[in-house]
Every structure is written in structure tokens, then in C-alpha cells.
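Input: a single structure, listed below in C-alpha cells.
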Amino acid sequence: MPRRDDLEKILLLGSGPIVIGQACEFDYSGCQGAKSLKQEGYEVVLVNSNPATIMTDPELADRTYVEPLERRTVAKILERERPDAVLPTLGGQTALNLALELHEDGVLSRLGIELIGASPEAIKKAEDRRLFKEAMDKIGLESPRSDYAYSVEDARRIVERTGYPAILRPSFTLGGAGGGIVTKASELDEKVSWALRCSPTGEVLVEESLIGWKEYELEVIRDRADNFIVVCSIENIDPMGVHTGDSITVAPAMTLTDREFQRLRTAARAIMTEIGVETGGSNVQFAVNPADGRFVVIEMNPRVSRSSALASKATGYPIAKIASKLAVGYRLDELRNDITHTSAAFEPTIDYVVVKWPRFAFEKFPGADPRLGTQMKSVGEAMSIGRTFPEALQKAARSLETGREGLVSLRARVDYRELAASMVPAARDLGTEAPSAPAAPKHLPPATDDETREALAKLIGVATAERLFHVADAMRLGMSQAEVHERTRIDPWFLAQLDRILDAERDIPRLATSTGDARVELLRGLKRLGFSDRQLLAGGGTHGKTELDVHEERRGLGVEPVYGRVDTCAAEFVAHTPYLYGTYESEHEIAPTIRRKIVILGGGPNRIGQGIEFDYCCVHAAMALRELGVETLMVNCNPETVSTDFDTSDRLFFEPLTFEDVLAICEREKPEGVIVQFGGQTPLKLAVPLARAGVRVLGTSEDAIDRAEDRERFDQLLTKLDLLRPRGGIAKSEVEALEVARGIGFPVLVRPSYVLGGRAMMICHDEEEFAAYMHLAREAAREAGTQTVLIDEFLRDATEVDVDCLCDGRRVVIGGVMQHIEEAGVHSGDSTSVLPPHTLPIRTVERIEEATRRLALELGVRGLMNVQFAVKDDRVYVSEVNPRASRTVPFVSKATGRPLAKLAARIIAGMTLDELDCHDLSWPRHVAVKESVFPFAKFPGVDTILGPEMRSTGEVMGIASTFERALGKALLASGMSLPRNGKALISVKDADKADAVKLGRRLRNLGLDIMATGGTADALDHSRVPCERINKVAEGSPHVVDVLRKGEISLVVNTTVGAKSIRDSYAMRRQALLASVPYFTTMSAALAGVAALEAEDGEPQVMSLQEWAARG
Amino acid sequence: MSGERAHLCLADGTVLPGWAFGAKGSTTGEAVFTTGLTGYEEVLTDPSFRGQIVAMTTPHIGNTGVNGDDTEAATDAPHVAGFVARDASPVTSSWRSKEPLDAYLARHGVVGITGVDTRKLTRHLRDHGAQNAAIGTDAPDVLVRRAREARDMSGLDLVREVTPTEPHVFTESRGVWAPTPPAPQTRHVVAVDFGAKRNILRCLVDAGCKVTVVPATTSAEAILELAPDGVFLSNGPGDPAAVTYGIETVRALLGKKPLFGICLGHQLLALALGATTYKLKFGHRGINQPVLDLSTGKIEITTQNHGFAVELHSLGGKAETTHVHLNDRTSEGLAAKSLDAFSVQYHPEAAAGPHDSLYLFERFTAAMDRA
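Here the protein sequences come in this chain order: A and D. With the working numbering as the guide, the letters of the first sequence map in order to residues -19 to 1092. With the working numbering as the guide, the letters of the second sequence map in order to residues 8 to 378.
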């Protein structure tokens, strides 16, 4: 059964914006899918609203629609394109749900389009928990005791059988959204009703708790001839109860005998056959009772998933690529394993250990429950490869870039007494009571060992982002492995491995005093267990004073990593692809080449502020350099990405992005230099240390980077160029900070130095707020390794502008100028950007471009640079200069049809803009709008108001011939469906009252009725805009939350200023989110939204990027 | 890692350091690697590994201890001549474990080595071929010499070391691990034990056979006297060409009773049919080996453990090739339809490995029921 020749054109669905539970992995799978289908000669049409993806690069498909992944829009695209088939299994839950919708409303059958990869029946059987449970019963496999609730009453009845704790799993939600654990009867009502609301079908599975059972995942593939393979087995270190996306996981499974493992394999096979997945990859999750081996089936996903990406990277087996070939008719035995050139029909086997460690962003969501549960909360992950579990675990810890250089002790950084106390669940109504401001540390007298041990004993029973560190600290204080196991249910095998690490840690001081062979052996032993040079330094294991000293000492002793291959076969066959990892073994497997070569440093794990956009840039850099004939060496540790696909670069080093690990690669490979400007802040931070260690930083110099990053040098730069910036100063103490703030005058913008994504950035309106906030800023600064806090004048109501440019040191080309819709005060990463600027006068744009050029030339930028400006009262202020690729590069590239990152890479490799024939573009015929997407729904109890700290996880793009239409598309793509009828609830701050009147009028013209609170209602009344008056929450029932809860409201516009008002209006915003009512928290966005609504006229209009580009 | 320094030395002079584990002392044997991620207990006790020093490519070994139930030997004793691991586990974690691996090896006198760069070893054996090796705590040059002096596997009949001395009836079932309840015992199978893996015998029992196990040297007449419905030819260690008595027995049985052979049994059947065998460079050892069933076009992921193979073209018209290895297209199965004999090179009983090929036991019972 080879390639299907009855198909000619295939439409591939992407997964949309990056959200918690759906990240870069679907760009990775989508890219592999698009590439392999094209390779097979099919015409490929692709739909994805996320411009930051590689898959939406115009070269990858015949036509690429950056359009909302929404039923009506996609139906329109299907009508326009008339593909023979739709492939939804590479686009995550979004694509799968969308495909089902298109099937169910008859679009597919009407147009004669086939769903390939998974049939609607198979999707339903796997996704509908009731059908799935029935299917499991039929093949004699156990699933947890459970039943469906459609009401709180149902749930109460079911819990009588499952007992407490019971797990809630709403049907058809992403990343387990709305799910949770009910531990006692008093929590049942609230948690069940939230879960019911989250499920699009109003259905919640109430399930027996398997907390403490071991959790396994099998990544499997089946073809239409019933050939079946297991690509990878994964064991969760965190036992059942923590979402697998939030668990630290290990591949291969570590604590099963063959008989036990084969039982799971046979079950997985039976499940694939029963569900009817015929052509592709799936994942099956099991829970195993450690006491007797009883196992139950938890769930299966009939599609490529996050775990598939992990399994692909962990084994080298390209699941998405193979899955897409199976979807078009091939059988496994007809396909080839690219790495070994043997058959693709085999089960990969590995001779190393892979650890995945999730990365969280709780610090950005004050009020969020830090406890992990069945709803995924992590925003990214790092993967590491080592020859043993301890080595891989410590490498993973340092790959996360959370300031943990391994399995380090946190005692010096955390007061465990306070941390344990903070784990007590909030005694507030998460839907209506605002989170309290984070308390200042109490500065208790130092904890005794006993106090710490007592706190840790409580703490390790709670699954949190840093539990493994807490466990290690408990063990350092003498807690037995048996007790730790009792409290955490972490398998004793893993605890014994932690113990090995801790044992070795105690040997570190001995390193400094030992000599000769004993020293070499001790050092090698430590490195083999994954200890970083920084850990050795901190542990007093060296003579030197710096990390570089440790490095040099170690090299002097000949203790250096070698690079082993990821080859799918544990060295049984010769591997043909250079996918490498560093480890302290005895031989290198691959000799450095003598070609011209350049190292590209990736962005590491996804986090808020640094995500797929930077991977996009790294991948483009690799492509551009390969086109120039330069050998590219990619370093990254994020398994979700395209950059860690083994054929993106000439050599892939799956390694942590730390000084130590990168330097080792450079010493081995001796490249011409490293590129630090594409991976975000992560590699940028390495520029200076690498340069000091003798590695050449290509492109913009490390000194220029420092001039832009260092506050004082930056001020000098602006002064020299006679450019304006908001008045500001730096402070190293709270007293000093207050002086600076008083000098500037409130409001001020405060932030720690050297942080990304506006971490701990805040606008303080008065001294009281300032005083309350300073400790947070200083703490965040300390985490970032600095003392410095920056205080700036806050330019109220200023318009913000982002510019990306290219510079070759001689000439500057403007890539794009983006105007933000939200005024200053909302982080640039969270705001809505418009390209070209929709209201700025052309003269202002020219001044901005001119300032950009001068900055780039003065800094001697070679490659990309991003500048953020604020425009107020016709004055242009420079807020920030980033001498690197920015978050907006992919958006600008898609909007203008010009691949900025590729051009930048060529400049870095020595070409000039003239040679590249690169010049400023004329004003385009279309407008592109970038809208941000937020994870608030995943964090109950968190305020949704936007501010200077970035909190969005992803972005979408709308492209159209007018601003309003482009915005409408962007809003729709972000999941905001604006209403044309019903009631709009308006409650705004005084400064916005005049605009509220305009807004009210226009909404009424569109057919909406208006409801407003106190002052806003007065203003509307005064201007004769009819409105219904409603109480604020503090004014008593019936109030805004009541009407929202009753479902009377279809749109909310709420703007507010000052900490107290923000707290008071929290309930309105949170309820809007809970009730899935679209809401705006800035007036500028609301007005723009209304304009978009006015411009909408029924039918969605769609056009591919290729067509937009052809129009110019 | 700590303990006593030990080395693994190959006959070609390659020396790999590690630490002693298991029994004290030193040992020699042919160094081979196996790539299964699970199943070290099965590997240790598999009689086909007789005389070999086995390296597991998966780094962490011993995690689940030894439980005795998963043994492939007639007793729970290991058959390997030595055992090589990258990282022997400091603890045991399994509700079924009865003994830590280290203690088990020590109790049975099996010398092991841990902390070895097993990837280097594997790559070396892959590139330079399987060869003799020695492990122990003696000086490396002593070990290299011992490796060179060790007996050569080619032409060596190791079957005599592992075959039982007396016939006996085998009744053990896979019990809770069987995918389906055992079938009623309506056929009688004589299993010629060249070093049979215990799970093959369990699978025969579960497929509905009364199983009489006989020594490898049992003559065809003696076997036929037991009045079997079918004769099973087991796996076993070493060079098939050296098992001349086995080939003779098979030749004498051909056409008289349905025959089913596994691994060495496959090779003996081929030799009895007049085909030839040869030694592979480094053998197939692992539990992820893809085999194509030529009659159905389906793939089985199989367990394999063999250093010798049947020369595909030497079968001529004597038998039909039913299965081939997808990677190197070597012989994986044959059938002589007119003689009611078939065999596979791989291990359908798995242990360790995937259970894709259990259907072959039913094919054997069906053949007996037809005969």
C-alpha cells in the first residue's frame, strides 16, 4: 500500500497560538508534515493563525493561510481551495476539534473532502471519555472507576462510588483546562461547576483518584496494515496526580520489568486497534499501582502530541514525518529510518537517559495556586540527555535557566518555613476576591535545621514546580528515602539516584585538596553525575575563583565531555545524522570537520517573553547559513522546537545553553564564531563571558550588546545621539530608589535590571504603592543576578512603537515599524501591534526610523536590532534597545514577506545589505495586526488586567486590506468572538469617560444595549447615551458579577487605574473570563475592537500569504 | 561509583575500565551486546547466551532486581559467562523483586563489571565483530591474554553444556502473564532441548500442549517412541553446524511429525534440509528487530538472539522462505510445507520482548491438529 495517488491537494491544520498545553511542538510536527507531503509531490495548503511558526513560512506550503482557526473561516478556505483531504492530526487538540466541527456540520462531506490521519469516529472514540471507557471495557482493559456528571448533583452521586479524592476531567478541553482534584465534600460544588463551564459539552468525568500510582506514557505508531511500533516509553517521576505536561519525566521507563512493560505494550496495541487509529502517531497513558502492578488506562490521544515531540527528540525517530507519510497511504515497512538507513518499522532503542523538566511562570501570576494538579500550568520545558539518570537530571536542571545549576540546595535562597506556610490554599473566593499583594519576606531569624526539616516534611507532600529541589534539601537534612517516598510517592529508584547525587556533592570539597589520579578520578566521577562547573565552584571544589577557572583546571586534567550520537538504535547500526549530546564518556563519535562553520545558540525552554519567535529566528539563521555553504551547529535544549530537529542544521548539539556547555562545544568544534542574537536573552547573556573565554561573537559585538544592556552606558549612548528617553535613574537600595522616584515624580515605571518580558515590572502611582512593591523588584533583580533596580518616568497615554531593523555596520534597513494599540503601560509583548502604524503621522514614523538608523550605526549592529519607542505630545522617546532579533521578527517577516532573520544571518556571515540587494520597502497594500493570547483561564484566582509585566504566551496575526478587518481577524484568531447583540457592560476610569461615550454610541449603533457602573453611567447619561445602571461589587447586589453570572452580558469594557481600584474591579474581569465573555481592559483596544466589529460584514474573507506578497 | 577497579578486555587488545560487581574473580567468553531496554533477568538466564559475556546497551541495569519468576533457565541460575553494565543500580524497586542483581550474580558466581562505556564497547563490536573477552580485577594485560586464550565459539558445541540429562514433563504456564487463559492440553509435544528458553515451553503449555522435554542427544526413534503429535526444536547456544547429532535427528524426523523450530531449531531444520549457515558479523541481539511475514506482508517486532544465520539462497527449492529481517533481509523463517515443518530464527515467545509473534504457537498446534 504505497502513496495514495487519488489525493492531489492536502490541507494541513496548525494549532494556532502558543498556549499552555499547546506550544512549539505543533510547529515542529506541522513543519515535518508539510515538508514530507511536499516531498511526496502533494500540493499542500496550510492554515495556522500563528505567524511565529516556521510552518507558516511561505516556502513550506503551496499556499499558506494565516487566518483564524475557526470553523467559518476554515470552511471558507476549504471552499476556496477544494483540497482532497484535510490532515488534522499534526495540529494538536485545536486542529482535531476543528476537524470534528467541520465534519459534523457537513462541510467536509458537502465538499467531498476526506479526513486523513484519523477518522471522525476514531477521534470521537478517543476524545469522548464515555466512548473511550466503553472501548476499554470491550477489550478487557481497566480504566479508573468513573462516571459522567452533567450537573453538580450528578457529581455528588458519582463521588459516592469513587470516594475522595476524586479527579475532575472536563470533556474536550485542552491541557486539562478546568480539571482538578476534589479532596473533600466542601470543595465539590465550586470545582464541579467550574469544570462543567470549561467543557464545551458541559460534561465532566468524575474519576477515582490514582494519586501515588506510577505513571507511564507510550508513544506509538500504527499503519493501515496494523503494523505497530512503540517509539518510546516515558516514566513520570512525579506520580499520578500531576498532569504529565507538568511532571518531570524520564525516558526510557526505568522501573518496569520486561513482563510489566510488555503488558503495557500489548495493551497499547489493542487500544490503537480498537480506537481505529490507522495512520499515525498516538500516545497512550497508563497508571501502574506500585504495590501489585495493577494497571489502568488513563487516556490516549489519537494524534501527534507534546509527548510525541519529546519522544522524537529523545530517540531521534521523526514521529510527525512518519505519521504524515502513513496518512497518505504508506506502510511502515515502506519507509526508511533516516538516521540508520534501516527500516522505519522498528522500535527505537536508546543507550542514554532523557529527562524532561517543565518550566513554570508562577511568578508572573500573583494569586495563582502554585500546587500542581491535573490541569497543566507549565509554559515550557527543557530536555536533557545523559548517559545516566543523575547526569541527565542535573543537565535538565541547569537547562531550565531558573538559576539552578544542578540539583542545588535552595536553603540559602528560600525560607522553607515561609514557603510551607504559603502552600495553604487561599481562603478567598477565586472568582470574586482579588489576590492580595505578595507579602514582603518576614525576615525571620535564620531557620534551624529542625525548623527547616519540619517545613520540608510538609512541603514535599505538595507537588510544586520545585518539589525535587525540596526533596533533595529534605534528604540533605537527613530525611530517609523511605520517609520521602512515604510523603511524595516518588519511586524509590529515583530517590536512590538523588541520594547518589547528594553523596557525591559531599565529596566536592575533597576535590580541592586531592591531587594526582585521585583528583582526576573524583572530578570525572562528579562530572559523570552531571555536576556543573558552577556547582563545583559553589561547593568549594576548586582552587580557582571563577567558572572559567574551574573550566581551565578541568581541561588541564583532561576531564572534558565527549559527544555521543542519538541514533535510534543504541549503536547497533552506523548513524548517518549528527545529532549529538555531551557526556563524560571515553570517546568522541564524530570528528570536527574542517569546513567553515558557525554555532547558533538557541533560546532554551519556552517561557513567557521568550518562546517560539526566537526558535523561528534560529531556524532561519540555520537555513540561511546552509544556503551560503556554511556548516551550522545548533545548540538548544528545548524538545518542542524545530531547531532541535536533526535536519535543521548540519550538527545538532542537544545541550544546556550555559557557558560551560557552550564553551565545551566551541573548544571541540573550533567554529568561526557563535551567533548569540537569535535565541533571545539566553544566548545574549553568554556573549560577554564567551568572548572573554576566547570565543568569537559574530555579528553585533559583545561590547555593543553591553552598551545597550548596561543602563549607564545606554544613557551615554542616547545622550551622544541626542535622543530623548524617559527620565530615570538606577538604585541599589530602597532608600535610593525612593529618592530617584521622588526626583522623577509619580507615576514611575519600576523594574529590575537584566530581565526579560517585563519580569516584575510595575507602574507605581504613589509612594505607598512604591514602597509595597520595591521588595518584589529587588527580589526579581537578585534572581537575575543583579542588585540594580531601574526607575523611569512613566509616560502616561504615550503611544508605543516597536521597530525591527537590519544593519550591516554601514547601512540600515527598516524591517518594520509597529504601532501598539494599547497605550504605554501594557508590556509590548502583550499589546496589539499594527504594521504599518495605523494612526501615527508619517512624519513621526520617519523620525522613529531615523532614530533607529542612528542607533544601529552608532552601536555597529551587524544583524538585527529592535528598538522600542514611546511617542507623547509629538515627542519621540527611546524606551529600550535590543541588539538582537526580537519577538516581533517573525510577525514582521510574515507581514512584509521579507525573511529578516535569514537576511540578518547572511549579514553576520559577512555579506552586506548591498550584496543582499536589501532596501527599505514601500508602504504595503495590506495591514497586519498581531494580537496576544493569555493563559489566565489556567490560573484561577489571577487578575486578567494587562500591565507592564508580560503575561501572554502566544500570538496570532490577522492580515487584511484595512486595519479594522485585520484586527477583526486577529481578535477572532485569538479566540475573541465579538458580539453583535446583547448587552455591553462598561465601567471605566475617569480619564476614559469621554471615550466611553463614543464607545457607547457606536456599540448601540451596532445593536448592543449598554449597562454601566456609577461614574461611567453618569457620563453616558450626560451625553444622552441610554444605559442601564448597575452596581459595582462593593455597592451590593445586584451587581456586575451577578449579571455576568446570569449570562446577561456579552461584552465587557473595564479600565481602571491604581492598585485599590484594580483590586475592587477584579471580580468583574475574572467573571468575564469565567463566563467566556469577551473583555477589554484598555480603552484604546476597546475602541479598536468596535471599529473591527463595524467593519465586519458577514462572510469571512481569506487570502494566502503568497497572494498577499504577490500584491506587494 | 566506587568499589574495586575492574576491566573488560577484548582479544584485540581493547581495554575498558569499570568496577567489579557480582561475583569476584575473572571470566572469559565471547563479548556480545544486546539492545533491549528491558529484560536483563531474561537475558542472564537465557541458555542461548551460554559462554558469552553479555553487555546491555541500556545504561541502568538492576533497577527491578531479580524475581526468579522471569527466569528463562531451567532453574533460576544465569547462563551468561559474564555481565557488563554501564550503571548497576544501587537499589531495587519492584514489588516482585526477591533479590538485588548484584547479590544474585554473586550467589551464582557470575562475574560482572559496571561503569563501563558500553556504547564504546558496542560500537567496537559492531565495527570489528564479536570476539572473545575477559573481565576481572586482574591487570588489563593479564585479561587480554586470557581473552586470547579463551575458546573460539565457531565450531563449538555448547548445547551439551545446557541440555538436560534426563527427559521430563514440563507443566508450567505463564499464569497471570498469559494474554489468554491456557487452552486444554489436547496434544503431545516432544521438545528437543538444545538450551530451550523456559518461556517457549510455557507458551507451548498455554497453547494446549502436554510437553515432554528431552535431551538434545535424544535419537529420532526415541522421540517417535514417545508418540508425539509434533516435535519442537528449541533454541540453543553456539554454532549450529557443530550440533551434528541434532541435524541428524531432525533429518530423521522430517515428514514423520509436524516440526516447529525456533532460533537454533530454525538453523538445525535448515541444515537438515540441506541448507547452510554462516556467522553474522555481530549478530542480531535485541527486542526491536523488524521481521516481515512474506505471506501476509505484516511486520512483527521481534526478539532476537543469534550470531549465526541460515544462508537464504542455500534453501533452494527445499523450503520456502516465510519471513525475512527488514533491515538486512536475512532469513527469519522457513517452511517445508510438504514435510509439515516450519521454523523461525527469532523468538516468538519474546521474554524479553514484544508479544507480536505468539500466533506461531497456534500455527504449530493447528499443524498438529491437522496431521
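Beta carbons: idealized from backbone N, C-alpha and C, even for Gly.
In the three-state DSSP reduction, residue 230(A) falls in the strand class (E or B).
Nearest to residue 987(A) by alpha-carbon distance, out of 993(A), 979(A), 994(A), is 979(A). Comparing alpha-carbon positions, the option among 909(A), 1044(A), 569(A) lying closest to residue 945(A) turns out to be 909(A). Three or more Cβ pairs closer than 8 Å define a contact, and the segment 852 to 865 of chain A meets that threshold against the segment 679 to 688 of chain A.
Taking the Cβ atoms as the reference, residue 329(D) lies roughly 7 Å from residue 349(D), within the contact range of under 8 Å. With 16 or more other CB atoms across the displayed protein chains lying within 10 angstroms of its CB, residue 273(D) is buried.
Residues of the segment 298 to 312 of chain D whose Cβ lies closer than 7 Å to any Cβ of chain A, in chain order: 299, 304, 305, 306, 308. Within chain D, the residues 102, 103 have their CB atoms less than 8 Å from the CB of residue 273(A), given in chain order. Chain-ordered, the chain A residues with CB closer than 8 Å to the CB of residue 133(D) read 551, 552, 553, 554. The alpha carbon of residue 613(A) has as its nearest neighbour, out of 912(A), 661(A), 573(A), the alpha carbon of 573(A).
If you draw a straight line from the Cα of residue 776(A) to the Cα of residue 809(A), it is about 18 Å long. For a Cβ distance threshold of 8 Å, residue set 124, 126, 127 of chain D lies close to residue 565(A), ordered along the chain. Chain-ordered listing is empty here: chain D has no CB closer than 7 Å to the CB of residue 890(A), the nearest sitting near 38 Å.
Nearest to residue 970(A) by C-alpha distance, out of 1023(A), 1007(A), 1035(A), is 1035(A). As summarised for the segment 241 to 270 of chain D, the continuous beta strand (DSSP E) elements at least 3 residues long and confined to that stretch are 266 to 269, given in chain order.
Here DSSP, grouped into helix, strand and coil, assigns residue 327(A) to coil.
Under the Cβ criterion of 8 Å, residue 207(A) is counted among the residues facing chain D. Partner residues in the beta bridge of residue 150(A), as assigned by DSSP, are 184(A). Between residue 17(A) and residue 75(A), the C-beta gap is not smaller than 8 Å, which leaves the two residues out of contact.
In this structure, the beta-carbon distance from residue 162(A) to residue 180(A) does not fall below 8 Å. One Cα belongs to residue 471(A), the other to residue 416(A), and the distance between them is close to 37 Å. Segment contact: the segment 1065 to 1078 of chain A against the segment 18 to 37 of chain A, fewer than three CB-CB distances shorter than 8 Å; contact not assigned. Those residues of the segment 688 to 711 of chain A placed with their C-beta closer than 7 Å to a C-beta in chain D do not exist. The beta-carbon of residue 476(A) is placed less than 8 Å from the nearest beta-carbon of chain D. Residue-level contact check: residue 309(A) does not touch chain D, since none of the beta carbons of chain D fall below 8 Å from its beta carbon. Residues of chain A with a Cβ closer than 8 Å to the Cβ of residue 77(D) are, in chain order, 237, 238, 239.
Between the beta-carbon of residue 963(A) and that of residue 1001(A) there is about 17 Å, and that puts the pair past the 8 Å contact cut.
Within chain D, the residues whose beta carbon sits less than 7 Å from that of residue 323(A) are 297, 333, 334, listed in sequence order. At a cut-off of 8 Å between C-beta atoms, residue 139(D) does not count as an interface residue with respect to chain A. The residue among 115(A), 449(A), 124(A) with its C-alpha nearest the C-alpha of residue 383(A) is 449(A). Here residue 88(D) really is in contact with residue 34(D); their C-beta atoms are around 5 Å apart, less than 8 Å. Of all residues in the segment 89 to 100 of chain D, those with a C-beta nearer than 9 Å to a C-beta of chain A are 93, 94, 96, 97, 98, 99, 100, reading in chain order. Under the Cβ distance rule, residue 357(D) counts among the residues neighbouring chain A, one pair being separated by less than 8 Å.
Where residue 327(D) is concerned, the enclosing beta strand (DSSP E) starts and stops at 327 to 332. Boundaries around residue 759(A) are those of the alpha helix (DSSP H), 747 to 763, since no beta strand (DSSP E) includes it.
Rounded to the nearest angstrom, the Cβ distance from residue 209(A) to residue 303(A) is 12 Å, too far for a contact under 8 Å.
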